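Enquirer: In the working numbering, the protein residues as written are 41 to 704.
All residues carry an ideal CB built from backbone N, CA and C; glycine is no exception.
Only a predicted model underlies this, so the values are computations on that prediction, with no experimental measurement involved.
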């Protein structure tokens, strides 16, 4: 099946004028920086995810031919405290079962799907086909499908949407089904999940006899949009809109649901519905609150619905929430959610570094949200943030070889925070795996008569405008170099607009089309240069983005970063590690006038650009055994080397620091 055929059903669904949709993964080939990461996922991560799911005994929960598995762990599995202390724990030898394991299978299937498109792997495909067969046999005649409620707690379906992840799991299985269909052409899981989505549509809604509920953990909303686009079925889009519109309405569904099962609505583990962003209707929300991953998934679904229905009321709420996140509640790495207690937000400007939770899934969710905001039109404020989260706070969660993971992504470590093999709450490994494997879908956005280039790097995109097949090839050493060359190859001359992002970090840019300079001031709007012309085979676009080293400072209300500086180059945030800088990194201070040198290091960490400078360091050799004295310590020069944050903890374990003290 060809790439265009894999996406063809979406043409049956009406697309709003000027809406931009991402290109399906099979229509974009990536090389270079992202190609290396996709290859790591395809050759290692995808298989590791399957193997570790099996080792954790997840197959036993979904296989209807086996006895029901053993120990049931609490509904809030894991609690925030359990998640925070899980560390390197791998519970595969313990016979436990989790209510969200269907979601982990869904994400693992999605990762495998895009990996199979990238690199043929008959053994892995056979294993995934077997998992899909199990779900087919498990599905009930009315379409319902939940291994937890069919195998562990039968008879309780749809009784606790607040705490138990039925719709969340359905969403991830739907996304896995869409991916597997797009990448392999196999419809079995897609058909299974369409039957389940039909059952959900018959169960939920505002019509008489239906439940007016929604999930405590958002995800189904954005999954249904994907399902609608790939099948052309408007009913799935309308169901996604229902879940968005119904959230937080009064009387509160979670209160009514608790009473129906004989529980006190106030006996809620997290005490407040802010935890699940259901404290008020979504159009009235203006503050990012609660569990960070849930928030990002909700806002992603809202953005999809705003795009598909042209809903300016949702857009207004999203812009308020965006401003609140990016001006008061976001780490410089694109990480978010500082607290392990609620895996989410606390108070404005509360951004501790060493204890930062900054869950990998949350940064992945921010990438989802930002990319969906671009569906309403190219705007650099969203694409810049998507890039920041992609290159820093998200892929830091996956080792360079694709085998080890971070759940939390702090901005400072004393050397004890290291990558782990697995986790008792294994949501992050397949989440970062599926995002990297599908990275091509984040590069471009297509409307009826325009293509937006959101991300730069070696890639080839194939798309159709006005019935004409077009190929666009990018050549670049991005993110290490800001020179981008684009070749346009339409089958016939075609008029359309090419939108090119001018990143906010770039101080100076130059653009040429077929060798002729373009006046960027005249063609740039919302951070994108728009070139409209009749494109012919072989047309060349040359974009030069100056990639200087920047010192970045935090708002003075961020108390943890007062008197500190972070280093950036292009889209990358940098950190210092003990392995390069002799430890005790808290003693380093970087003079404001220090020259910072960028240097290519092709043999370091898979090939990176490092930053080096001469800094100052308090000496302790002349300090006596006491803690305090009246004389300050001596200061000595120390050469420091910084590496990209995403690559830390891929060598010898040790200290790490993003925010470095400033010296006058």
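For the segment 527-535 and the segment 570-586, state whether three or more C-beta atom pairs, one from each stretch, are separated by less than 8 Å.
Expert: yes
Enquirer: Kindly list the residues whose CB is nearer than 6 Å to the CB of residue 257, restricted to its own chain and excluding five residues on each side of it in sequence; keep chain order.
Expert: The residue given as residue 257 occupies position 217 in the chain shown. The answer, listed in chain order, is 205, 208, 334.
Enquirer: Give me, in chain order, the residues of the same chain whose beta-carbon lies closer than 7 Å to that of residue 411; leave out the 5 immediate sequence neighbours on both sides.
Expert: Position 371 of the chain shown holds residue 411. If we look at residue 411 and ignore the five residues flanking it on each side, its Cβ neighbours are 62, 426, 482.
Enquirer: To the nearest angstrom, report how far apart residue 159 and residue 166 are at their CA atoms.
Expert: To locate residue 159, count along the chain shown from 1; it is residue 119. To locate residue 166, count along the chain shown from 1; it is residue 126. So the alpha carbons of these two residues sit roughly 14 Å apart.
Enquirer: Does DSSP classify residue 66 as helix, strand or coil?
Expert: The residue labelled residue 66 in the question sits at position 26 within the chain shown. In the structure shown, residue 66 sits in a helix (DSSP, three-state: H, G or I).
Enquirer: Quick check: residue 651 and residue 636, are their CB atoms within less than 9 Å of each other?
Expert: Counting from 1 along the chain shown, the entry for residue 651 is found at position 611. Counting from 1 along the chain shown, the entry for residue 636 is found at position 596. A Cβ-Cβ contact shorter than 9 Å links residue 651 with residue 636.
Enquirer: Alpha carbon to alpha carbon, what distance is there between residue 386 and residue 368?
Expert: Sequence index remark: in the chain shown, residue 368 carries index 328 (1-based). Sequence index remark: in the chain shown, residue 386 carries index 346 (1-based). Near 11 Å, if we compare the C-alpha coordinates of residue 386 and residue 368.
Enquirer: Quick one: grab the DSSP three-state call for residue 425.
Expert: Looking up residue 425 in the chain shown gives position 385. Look at residue 425 here: in three-state DSSP terms it is helix.
Enquirer: With 16 other CB atoms within 10 Å as the buried threshold, where does residue 466 fall?
Expert: Against the chain shown, residue 466 aligns to sequence position 426. It is buried - the Cβ of residue 466 has at least 16 other Cβ atoms within 10 Å.
Enquirer: Just to confirm my understanding: we take residue 127, look at its own chain, exclude 5 residues before and 5 after, and list those with CB closer than 6 Å. What are they?
Expert: Taking the chain shown and counting its residues from 1, one reaches residue 127 at position 87. Caution applies to residue 127, whose pLDDT of 35 falls short of 50 and renders its modelled position unreliable; the model cannot decide the point.
Enquirer: What does the alpha-carbon distance come out to for the pair residue 687 and residue 614?
Expert: Here residue 687 corresponds to residue number 647 of the chain shown, with the count starting at 1. Here residue 614 corresponds to residue number 574 of the chain shown, with the count starting at 1. Rounded to whole angstroms, residue 687 to residue 614 spans 9 Å at the Cα level.
Enquirer: What number of angstroms, rounded off, separates the C-alpha of residue 641 from the C-alpha of residue 702?
Expert: Taking the chain shown and counting its residues from 1, the one referred to as residue 641 is at position 601. Taking the chain shown and counting its residues from 1, the one referred to as residue 702 is at position 662. Each residue's Cα considered, the two are about 26 Å apart.
Enquirer: For residue 680, count neighbouring Cβ atoms within 10 angstroms of its own Cβ and tell me buried if that reaches 16, exposed if not.
Expert: To locate residue 680, count along the chain shown from 1; it is residue 640. Flag for residue 680 reads buried.
Enquirer: Counting pairs of Cβ atoms below 8 Å between the segment 79-92 and the segment 487-505, do you hit three or more?
Expert: no
Enquirer: Under the three-state reduction of DSSP, which class applies to residue 333: helix, strand or coil?
Expert: In the chain shown, the residue the question calls residue 333 occupies position 293. When DSSP states are grouped into helix, strand and coil, residue 333 belongs to the helix group.
Enquirer: Going by the beta-carbon positions, is the gap between residue 201 and residue 90 smaller than 9 Å?
Expert: Here residue 201 is taken as the residue at index 161 of the chain shown, counted from 1. Here residue 90 is taken as the residue at index 50 of the chain shown, counted from 1. In this structure, residue 90 does not lie closer than 9 Å to residue 201 by Cβ.
Enquirer: Quick check on this structure: which residue in 343, 373, 349, 376 has the alpha carbon closest to the alpha carbon of residue 360?
Expert: Along the chain shown, read from residue 1 onward, the residue named residue 360 stands at position 320. Nearest option by C-alpha distance: 343.
Enquirer: Taking Cβ to Cβ, would you say residue 583 is nearer than 9 Å to residue 549?
Expert: Locating residue 583 in the chain shown gives position 543, counting from the first residue. Locating residue 549 in the chain shown gives position 509, counting from the first residue. Yes, Cβ-Cβ distance for residue 583 and residue 549 is below 9 Å.
Enquirer: Using the three-state DSSP reduction, which class does residue 178 fall into: helix, strand or coil?
Expert: If you number the chain shown from 1, residue 178 lands on position 138. Correct three-state label for residue 178: helix.
Enquirer: What residue does the alpha helix (DSSP H) around residue 370 start on, and which one ends it?
Expert: Along the chain shown, read from residue 1 onward, the residue named residue 370 stands at position 330. Counting along the chain, residue 370 falls outside any alpha helix (DSSP H), and DSSP gives it neither H nor E.
Enquirer: Which first and last residues belong to the alpha helix (DSSP H) in which residue 214 is found?
Expert: Residue 214 sits at position 174 when you count from the first residue of the chain shown. Where residue 214 is concerned, the enclosing alpha helix (DSSP H) stretches over 206-224.
Enquirer: Tell me which residue opens and which closes the beta strand (DSSP E) that residue 319 is part of.
Expert: Here residue 319 corresponds to residue number 279 of the chain shown, with the count starting at 1. No beta strand (DSSP E) contains residue 319, which DSSP labels as neither H nor E.
Enquirer: Which two residues bound the contiguous beta strand (DSSP E) that contains residue 270?
Expert: Here residue 270 refers to the residue found at position 230 when the chain shown is read from its first residue. Per DSSP, residue 270 belongs to no beta strand (DSSP E); it is in the alpha helix (DSSP H), 260-271.
Enquirer: At the level of alpha carbons, what is the spacing between residue 568 and residue 469?
Expert: Indexing the chain shown from 1 puts residue 568 at position 528. Indexing the chain shown from 1 puts residue 469 at position 429. Taking the straight line from one Cα to the other gives about 33 Å.
Enquirer: Go through the segment 600-667 residue by residue and report every complete run of the alpha helix (DSSP H) that reaches 4 residues or more, in order.
Expert: 618-621
Enquirer: Determine the burial state of residue 134: buried for a count of at least 16 other Cβ atoms within 10 Å of its Cβ, exposed for fewer.
Expert: The sequence position of residue 134 within the chain shown is 94, counting from 1. Reliability of the predicted coordinates at residue 134 is poor, the pLDDT of 44 falling under 50, and no value is obtained from them.
Enquirer: Starting from residue 528, trace the beta strand (DSSP E) in both directions and tell me its first and last residue.
Expert: The residue labelled residue 528 in the question sits at position 488 within the chain shown. 523-530 is the span of the beta strand (DSSP E), which, as asked, contains residue 528.
Enquirer: Below 7 Å CB to CB, which residues in the same chain sit around residue 400 once its five sequence neighbours on both sides are set aside?
Expert: The count along the chain shown starts at 1 and reaches residue 400 at position 360. Closer than 7 Å at the Cβ level, and outside the excluded window around residue 400, lie 434, 437, 446, 447, 449, 468, 471, 472.
Enquirer: Can you name the residues that DSSP bridges to residue 511?
Expert: Position 471 of the chain shown, counting from 1, holds the residue named residue 511. 502, 529, per the DSSP bridge assignment.
Enquirer: Roughly how many whole angstroms lie between the Cα atoms of residue 538 and residue 291?
Expert: Along the chain shown, one-based indexing puts residue 538 at 498. Along the chain shown, one-based indexing puts residue 291 at 251. Each residue's Cα considered, the two are about 48 Å apart.
Enquirer: What residues in its chain sit with their C-beta under 6 Å from that of residue 130, if we drop five residues either side in the sequence?
Expert: In the chain shown, counting from the first residue as 1, residue 130 sits at position 90. Confidence is the limiting factor: at residue 130 the pLDDT is only 37, short of 50, which leaves the residue's position unreliable and the question unanswerable from this model.
Enquirer: Please classify residue 317 as buried or exposed, where buried requires at least 16 other C-beta atoms within 10 Å of its C-beta.
Expert: Along the chain shown, one-based indexing puts residue 317 at 277. With 16 or more other Cβ atoms from the protein chains shown falling within 10 Å of its own Cβ, residue 317 counts as buried.
Enquirer: Going by DSSP, what residue range makes up the beta strand (DSSP E) through residue 575?
Expert: Stepping through the chain shown from its first residue, residue 575 is reached at position 535. 568-575 is the span of the beta strand (DSSP E), which, as asked, contains residue 575.
Enquirer: Have a look at residue 324 and residue 288 and give me their C-alpha separation to the nearest angstrom.
Expert: As a first step, residue 324 is located in the chain shown; it is residue number 284 there, counting from the start. As a first step, residue 288 is located in the chain shown; it is residue number 248 there, counting from the start. Cα to Cα, the separation comes out at about 10 Å.
Enquirer: State yes or no: is the C-beta of residue 480 within less than 9 Å of the C-beta of residue 453?
Expert: As a position in the chain shown, residue 480 is number 440, starting the count at 1. As a position in the chain shown, residue 453 is number 413, starting the count at 1. No, these two residues do not count as a Cβ contact at 9 Å.
Enquirer: Can you confirm whether the segment 277-288 touches the segment 345-363 when touching is taken to mean that 3 or more C-beta pairs between the two stretches lie within less than 8 Å?
Expert: yes
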